[in-house]
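Residue numbers (this note's numbering): 78 to 945.
Data first, discussion second: the structure below is written as C-alpha cells.
Okay, here's the thing in C-alpha cells:
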C-alpha cells in the first residue's frame, strides 16, 4: 500500500524552489497577486520582504494548474495542507507539514540551524540573473595547500541551457549583461513551459512524477540553486530540489508512523530519523562474461543484453525498495556504477520492508545465477544533523562501512549454502541442447526451445530463459528508443521477457500501441526513453534513462565492403560474414575487427581493441578533495561525473564517423568498457582523455587511467575482459618520474603517462609516413623494437645499485648496434643530398629510443599492425 500523500510531499519538495526558475525566467507576477499573497509566503527582515522566489513558486503552481495531475490541486486529495502551500511556505512555515519541507530544504543544503537563520535573512542581489552555475570540478583539491575558492577565482561555468551532450561541458566564464542574462533565462523558461505541456500521463500521477523529474533535470541542471551572499553557486537547482524531496518524504513517513507530526518534533535534529539504504551489485564481471560454446555466435547481442540487464536490475532493485517502503522514485538520491543510495525513514517497518526485498531479490538471483551475482542491501541510520557540512563525511564513512560488511555476508550460508538439490532434475533430455549453450550453467528451457531469437542460420536453438531474455534485450535495444516495465501479470501485446525480473517486473519493447489502459489499471510501472542523447537535446515527453550505450549496426554500404574477403578465411566463413549483414542489425565482433583494415590499401591487422578506463582516486576525491560537502553537492558531483560516461561517450561514438564501429559494453558512473577496431580504440582512448580533461576544467587532481588490449575477434569475451583489466591495473599502479601516480595508459604491455602517450602516437605517425615513402621497411621496425627493449634493460640496469652481473651488460651495446644497422639499411633507395637529409631525419629514432625506451613498443607495434 502506498500512502498517496507521499506523492504530494515528494512533488512539493521537488517544486519548492521552482519559483527561482520562474522569477529569473520572467514569469509575470502581477501587483494584485503580490499584494494579496506576499505576507503569506514571504519572510521579512528589517521590514523588507526576502526570498521572493517562494511567492513565485506559489504563483507559478497556480498558473500551471491545468498542466499538473488533477489530484495535486484537488482540495479533497490527501493532506490537510494544499499542495501549493506545501511547496511555497518553506521560508515561512506554519503547519507541521510545511515545516517538513522547510527542514528538508535546510538539511539538503547542509546548513546548521544558525546558518540557515542567517541565510533566511538573505536579500537577493540585483545581478542574480547573471550568476551562472560554477563547476565543482574546478574546486577539487587534494594538495595540503588548500586552494581558496571564491566566485572570482573560478574560470569556468556552465552555459545556461538545456542538458545536452555538448552543454554538459563547462565553458570559460565571461561577463554577461543583465539584458542578455535575462533573455537566456526567459528562453529557457519558455522552452520548459512548452515541454511541460507535452508531458505524458498527466492523469496517472505516479508515472507523471517520474516524467516531470526528467524534464526538471533537463531544464534545471544548469541553474544555480543559491546566488545570495558568499555562497559558491556550484549546486544545481535540480539536485538541491531532488535532495529536498527525498528528505521531506522520509521525514513525513517517520513522523507519521511515530505519531509525532508536530512542529516541535519535526524540528528536532538529534534523533535518528533517516535511514540511508545502499544497494550494490556484486559479480558484474561474472554476470556479463558468462559463456558457453555458442557464446561467440551471439556475443554482441548477449553482451549488450547483459550489460543493460545489470542497469535494469540496479534500477529495479531501488524501485522495489521504494515501492515496499512506500516511497516515490525521488527518494533515490545517488546512483552510479551499480551502487544506489536511497533516503528512507528510520523505522522498524521500513527495516522489515528492506529485509523482505533483500530476501526476495537475492533468492531470485541465487536461483537464477547460483550465487555468482547478488545485490547487497545495507542500511545506516542518521540524524538530520549528520547531513551538516561538518559531519557528512563521517556519515558516508559509516554508510560505506555498513555496505562493505554486507558484501562479505550477502548470503545466509546456513540456509542457502550447499548443493542445489533440484539442479540435475531440471534438465530436459528432449531438447537439442540440454545445457544452455550461452551461459554454460543453467539448463535449457522447453519454453524457449526454437525461439526465433535463438535460431542461428539453419540451426534451431536452445537456451535458458535468462539468456534468451538477454538476447531479446540485445536484439531490441538497437531497434527501439522506448521500454515499458509492467507488472508480470499484465496483458502485453508483442514479445516480452520469458522470466520476469525478481518474478515481478515484466519488460517489453512493444510500446508503440496504446498504454493508457495498462497505466490506468496500475499495470504499467515505468515508461522510459532509452535513446542515446543527440546534440539537439534529450527527449522530454517521458522519463529518460541513460542506460543504453552506443552499438554499431550494419548499414547498406556494408554490403559493398570487400574487407570481409581479406585474410585466410575459408569460403564458408566468408559466406557466413556476408549473410550476417542485415541493415540495422548489431555488427558482430568479427565485422568490427575487420574495420581495423584500411579500406583503400587493404592493409592492417584484423583485431579488436578492448578499452577499460575509470576515474583515479575517486574515493579520495570524495573524502578529501570535495569541500563544503552536503547531500545536494554530492548529488550534483555524482550526476555530473556520470554524465561524461553515460551521455557524452555514447554521443561521441554515434556522432563521429571515425568511431561508429566502437561497441559500448558499459559506460556510466565512473568507468568505461568499450570494444572496437584496435587502431580506432587507441585513437579514441587518447581523445577521451583529452575530452575528460576539458570536462573537469583540466584539474590535475581529477584524472583517468586506461588499459587497452589487442585481441583476435575469436577469443572468448572473458579473455578480452581479463586482458584489458590487467592492462588497467598496470595503469593504476603506474608511478611517473615526478612521483605522480596513476593517470596513465597501458598498451602492448607498456604503461606510460598520457602526456607520453600523446608524444609517442605522433612518433607513430612519423613511422607510418616513413613506411609510405619507403624510407624504412618492416624489417627496420622490428629492429627498432629490439633496440627499445635493450634500452629499457639499460635503464633498469643503471637504476640498480647492486646485484649487477656481467651478462646484464649486453644491453649496453644497443646504441652501437643501432648505428651499424641504421647506416647499413636506412634510405637504401636514396642517394646524395637526399640520402643525407633522410639519414639526418631518421637519426631522431635513436633519440626517441633513448628518451622513451620500452614505451617505443607502442608506436612501433601500432605501425607494424597497421601495415600487415
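Think of the CB as a built atom: it goes at the ideal place given N, C-alpha and C, for glycine as much as any other residue.
Just to confirm my understanding: we take residue i, look at its own chain, exclude 5 residues before and 5 after, and list those with CB closer than 6 Å. What are they?
| i | result |
| --- | --- |
| residue 79 | 403 |
| residue 813 | 830 |
| residue 469 | 706 |
| residue 189 | Reliability fails at residue 189, whose pLDDT of 48 lies under 50, so the model's placement of it is uncertain and the value that follows must be treated cautiously. Correct list, in chain order: 465. |
| residue 667 | 790 |
| residue 942 | 682 |
DSSP three-state call for residue i: helix, strand or coil?
| i | result |
| --- | --- |
| residue 402 | helix |
| residue 535 | No answer about residue 535 holds up, because its pLDDT of 48 lies below 50 and its placement is not dependable. |
| residue 582 | strand |
| residue 296 | helix |
| residue 459 | strand |
| residue 658 | coil |
| residue 936 | helix |
| residue 685 | strand |
| residue 431 | helix |
| residue 321 | helix |
| residue 620 | strand |
| residue 593 | helix |
| residue 110 | helix |
| residue 715 | helix |
| residue 671 | helix |
| residue 702 | helix |
| residue 915 | helix |
| residue 480 | helix |
| residue 926 | helix |
| residue 541 | coil |
| residue 279 | coil |
| residue 440 | helix |
Beta-carbon within less than 7 Å of residue i's beta-carbon, same chain only, minus the 5 sequence neighbours each way: which residues are those?
| i | result |
| --- | --- |
| residue 204 | 255 |
| residue 524 | 542, 575 |
| residue 659 | 631 |
| residue 130 | 94, 96, 97, 100 |
| residue 695 | 747 |
Go ahead and label residue i buried or exposed: buried means 16 or more other beta carbons lie within 10 angstroms of its beta carbon, across all protein chains shown.
| i | result |
| --- | --- |
| residue 655 | exposed |
| residue 278 | buried |
| residue 647 | exposed |
| residue 897 | exposed |
| residue 777 | exposed |
| residue 717 | buried |
| residue 515 | buried |
| residue 320 | buried |
| residue 307 | exposed |
| residue 683 | buried |
| residue 162 | buried |
| residue 734 | exposed |
| residue 610 | buried |
Can you name the residues that DSSP bridges to residue i?
| i | result |
| --- | --- |
| residue 610 | Note: residue 610 sits in no beta bridge, so no partner. |
| residue 601 | 563 |
| residue 126 | 121 |
| residue 249 | 233 |
| residue 692 | 781 |
| residue 331 | Per DSSP, none; premise fails for residue 331. |
| residue 313 | 301 |
| residue 454 | 356 |
| residue 573 | 585 |
| residue 812 | 818 |
| residue 663 | 630 |
Within its chain, find whatever has a CB closer than 8 Å to the CB of residue i; leave out the 5 residues flanking it on each side and keep chain order.
| i | result |
| --- | --- |
| residue 535 | Interpretation of residue 535 is limited by its pLDDT of 48, a score under 50 that renders its predicted location unreliable; the figure taken from the coordinates is listed afterwards. None. |
| residue 472 | 353, 457, 459, 463, 464 |
| residue 564 | 581, 582, 583, 599, 600, 602 |
| residue 227 | 307, 309 |
Mind checking whether the beta-carbon of residue i lies closer than 8 Å to any heavy atom of the ligand ADP?
| i | result |
| --- | --- |
| residue 307 | Of the ligands one can find in the structure shown there are none, so the ligand ADP has no counterpart to examine. |
Which full runs of the beta strand (DSSP E) of 3+ residues lie inside the region 724 to 801, going along the chain? 740 to 745, 748 to 754, 781 to 788
Every unbroken alpha helix (DSSP H) within the region 130 to 217, with a cutoff of 4 residues, ordered by chain: 130 to 140, 160 to 165, 173 to 185, 190 to 196, 213 to 216
Enumerated in chain order, which unbroken segments of the alpha helix (DSSP H) with a length of 4 residues or greater are wholly contained in the region 497 to 529? none
Write down every uninterrupted run of the alpha helix (DSSP H) in the region 819 to 896 whose length is 4 residues or greater and which is fully enclosed by it, in chain order. 831 to 849, 855 to 876
If you scan the region 348 to 427 from start to end, which runs of the alpha helix (DSSP H) of 4 or more residues do you find wholly inside it? 361 to 366, 376 to 402
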